[in-house]
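Undergrad: I am attaching a structure below and will ask some questions about it afterwards.
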Amino acid sequence: MKDKFYLTTSIAYTNAAPHIGHAMELIQADFLARMKRNGGDNVLFLTGTDEHGLKIARSAEAQGKTPQAFVNDVSKKFKGLKKALNISFDDFIRTSDKKRHIPGAIALWKKLEAKGDLYPHNYRGLYCAGCEAFVKEKDLVGGLCPIHKKAPEEVEERNWFFRLSRYSTELQALIKSGELQIYPENRRNEMLSLIKSGLEDVSFSRPKGKVGWGIPVPGDSTQTMYVWCDALANYISAIGYGQDEINFRKWWPADVHLVGKDIVRFHALIWPAMLLSAGLRLPKKILVHGFINVEGEKMSKSLGNVIDPYQLVEKYGSDAARYYFLREIPSDEDGDFGYQKLEDRYNGDLANGFGNFASRVTTLASRFDKISAKGFEPDQAITQKIVETEKNVLYYADQFKLHEAVRCIWELVREGDVYLNAHRPWELKEDDPRFLKIILNLLALLDKSAELAAFVIPEAASKTKEAVKHGPGHTLKVKKLSPLFPKINE
Ligand code: MSP
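Here the sequence shown stands for residues 36 to 525, numbered as in my numbering.
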């Protein structure tokens, strides 16, 4: 039987259009989804948008729109990344969806309440709308939120609180035992030290008068559910929690939650505690990516350096954008975006690398009308290299070192080039038996390179696959490929 693989990204706030940080997260998840499908798994890849809360209500107001009309527009731009970036997500959930999401979020709230893990509490604190979270005085820098560079708002109100503290010991044990895996290691350690320093209960609602755009707390219409409590529930509402038990059981627990480094705490502590409280299983693995800076600076509206993924794709194509984010940015660390670096990668690894190899091989192979591969086995060294590459790709992907996985795939391409240059088939006649053998070895290398490169550059990989037609009786017919990645001139 096929294994199931349920993979999610975070769901982005719909207060502004997507930027390349969102694009990168989708691209990383897409690599994993395509790899798992290729390995035969039954994959469910979920993404979506986080549409409630103060930050969004304020952005809508600033544009003179109702929150719902505003999020409808922004959410479309996120959904559109599927086509623009060739992302193979299977489902897209929106937290303002009254049919699919809200009933699940409410069902979860009721479970926590029934467990005795929600209690009313008068609270005084500092709220950062950018983070959509209460922040501590000690974490501010010069009175400002270190991420959003804004002074948080002082709040004194009655909220519902969630007993996060009750789950400290259990969470610690689950993370330590590896039952709940967090990659990379430094993020795992960060969570363990947060637990060690003591987890406090968290505010799980805000007064409706202050935050009206959200899900009303069940049984207390004076309060709105805290946006994170609402948003985290997407991972279960989308698969039918509280509504479609059979589908829910088919997919839960998630195999991977992929998130950025700023929201690990929510996914590795608060979310698992909510699940424990509700008596549900925990996700198996949390993968944490870093942040993209732009030419060495933090990407921000105020600096005016926010990069629009749609523009990037228009200029370079989706494969090139995908390749850059997967190869140049270390998946588990911060990385930098720069146009020159993108063009260097494009020319070096795509035009001269994969593209050139694919054209050379298909050009040579197209000299035959039909190729017979009957009884052919690739050279031992080639088979070995292929097996080793496949193994390394899986290994690195498992460690969430996608850049290393991609490096291995491109090494296979280079191996193909080396073989080609060493054997110089262009000097041989078609009826020379050595010619056929070399071509078949090259086609084996190209085929596997395209299969693995499809996780990264699906468009070029599928064109490559289409150029090689398999006929009856182990015959092949190869069409010459036109350049997949025309060189960009400096
Ligand atoms: N809505 C919450 C997530 C809720 S999940 C139940 C949220 N949204 S966000 O739009 O602020 O961020 C969405 C994702 O984009 C997060 O994983 C975040 O880390 C990521 N990124 C935001 N800026 C980024 C960069 N500059 N670089 C890379 N990823 C970044 O948080």
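Virtual Cβ for every residue (Gly too), placed ideally from N, Cα, C.
Name the DSSP bridge partner or partners of Met260?
TA: Ser240
Undergrad: Could you tell me if the beta carbon of Val513 falls within a distance shorter than 7 Å of some heavy atom in ligand 2?
TA: As far as ligands go, the structure on display features ligand 1 and does not contain ligand 2.
Undergrad: Using the Cβ count rule (16 or more neighbours within 10 Å means buried), how would you classify Thr204?
TA: exposed
Undergrad: Short check: CB of His302 to CB of Ile321, under 8 Å?
TA: yes
Undergrad: Check this for me: beta carbons of Glu172 and Leu179, under 8 Å apart or not?
TA: For Glu172 and Leu179, no; Cβs fall outside 8 Å.
Undergrad: Specify, as a first and last residue, the run of the alpha helix (DSSP H) that Thr418 falls within.
TA: 415 to 433
Undergrad: Compute the distance between the beta-carbons of Asp38 and Ala273, then report whether it is under 8 Å.
TA: no
Undergrad: Can you round the beta-carbon distance between Glu85 and Ala289 to whole angstroms, since I take them to be within the 8 Å contact cut?
TA: According to the sequence as given, residue 85 is Asp; it is not Glu. So it is not a contact: roughly 17 Å between Cβ atoms.
Undergrad: With Met70 and Ile364 assumed to form a contact (beta carbons below 8 Å), what rounded beta-carbon distance in angstroms separates them?
TA: Not confirmed; about 18 Å, so no contact.
Undergrad: So for Trp195, helix, strand or coil by DSSP?
TA: strand
Undergrad: Straight-line CA distance for Leu147 to Thr49?
TA: 27 Å
Undergrad: Determine the DSSP secondary structure at Arg357, reduced to helix, strand or coil.
TA: helix
Undergrad: Please report the Cβ distance between Ile250 and His87, rounded to the nearest whole angstrom; I am assuming they are in contact, meaning their Cβ atoms lie under 8 Å.
TA: Right, their Cβ atoms sit about 7 Å apart.
Undergrad: Cα-Cα, which of Leu480, Ala92, Val341 is closest to Ile55?
TA: Val341
Undergrad: Taking only beta-carbon atoms, is Leu455 less than 8 Å away from chain B?
TA: Here chain B cannot be found, since the structure has a single protein chain.
Undergrad: For Thr499, report the span of its alpha helix (DSSP H) as first-last.
TA: 493 to 502
Undergrad: Under 8 Å, do Ile305 and Phe389 count as touching if we go by C-beta distance?
TA: Their beta carbons are not under 8 Å apart, which means Ile305 does not touch Phe389 by this criterion.
Undergrad: When you compare only the Cα positions, how much space is there between Gly83 and Ser45?
TA: Each residue's alpha carbon lies about 8 Å from the other.
Undergrad: Buried or exposed: where does Trp461 fall if 16 or more other Cβ atoms within 10 Å of its Cβ makes it buried?
TA: Trp461 counts as exposed, since fewer than 16 other beta carbons sit within 10 angstroms of its beta carbon.
Undergrad: Helix, strand or coil for Ser407 per DSSP?
TA: If DSSP states are grouped into helix, strand and coil, Ser407 belongs with the strands.
Undergrad: Using CA coordinates, which residue listed in Glu378, Glu450, Phe239, Glu425 is at the minimum distance from Phe490?
TA: Glu425
Undergrad: Buried or exposed: where does Leu338 fall if 16 or more other Cβ atoms within 10 Å of its Cβ makes it buried?
TA: exposed
Undergrad: Quick one: grab the DSSP three-state call for Asn476.
TA: DSSP places Asn476 within a helical segment (H, G or I) once states are collapsed to three.
Undergrad: Compute the Euclidean distance between the alpha carbons of Lys211 and Pro521, then round it to the nearest angstrom.
TA: Lys211 and Pro521: Cα-Cα distance of roughly 50 Å.
Undergrad: Please list, in chain order, all residues of the same chain as Ser401 whose beta carbon is under 7 Å from its beta carbon, the five residues on each side excluded.
TA: Val513, Lys514, Lys515
Undergrad: Considering Asp132, what are the terminal residues of the beta strand (DSSP E) in which it resides?
TA: First-last for Asp132: undefined, no H or E at that position.
Undergrad: For Ile141 versus Arg135, is the C-beta spacing smaller than 8 Å?
TA: no
Undergrad: Just how far apart, CA to CA, sit Asn456 and Ile417?
TA: 15 Å
Undergrad: Taking Glu209 as the reference, which of Arg198, Asp414, Ile230 has the closest Cα?
TA: The sequence given here places Leu at residue 209; Glu does not occur at that position. The residue with the shortest Cα to Cα distance from Leu209 is Ile230.
Undergrad: Below 8 Å, how does it come out for the stretch 100 to 118 and the stretch 471 to 478: are there three or more Cβ pairs, yes or no?
TA: The stretch 100 to 118 is not in contact with the stretch 471 to 478.
Undergrad: Does the beta carbon of Val294 fall short of 7 Å from some heavy atom of ligand 1?
TA: Yes, since a heavy atom of ligand 1 falls inside the 7 Å radius drawn around the Cβ of Val294.
Undergrad: Quick one: residues in its chain with C-beta nearer than 6 Å to the C-beta of Glu465, no 5 flanking neighbours on either side, listed in chain order?
TA: Only residues of its own chain outside the window of five on either side were considered, and among them Arg402 have a CB closer than 6 Å to the CB of Glu465, listed in chain order.
Undergrad: For a test of the three-state rule: what should DSSP assign to Asp279, helix, strand or coil?
TA: coil
Undergrad: If you measure from the CB of Ile46, is any heavy atom of ligand 1 nearer than 7 Å?
TA: yes
Undergrad: Measuring straight from C-alpha to C-alpha, what distance separates Phe283 and Ser131?
TA: 20 Å
Undergrad: If you draw a straight line from the alpha carbon of Pro253 to that of Leu153, how long is it in whole angstroms?
TA: Rounded to whole angstroms, Pro253 to Leu153 spans 12 Å at the Cα level.
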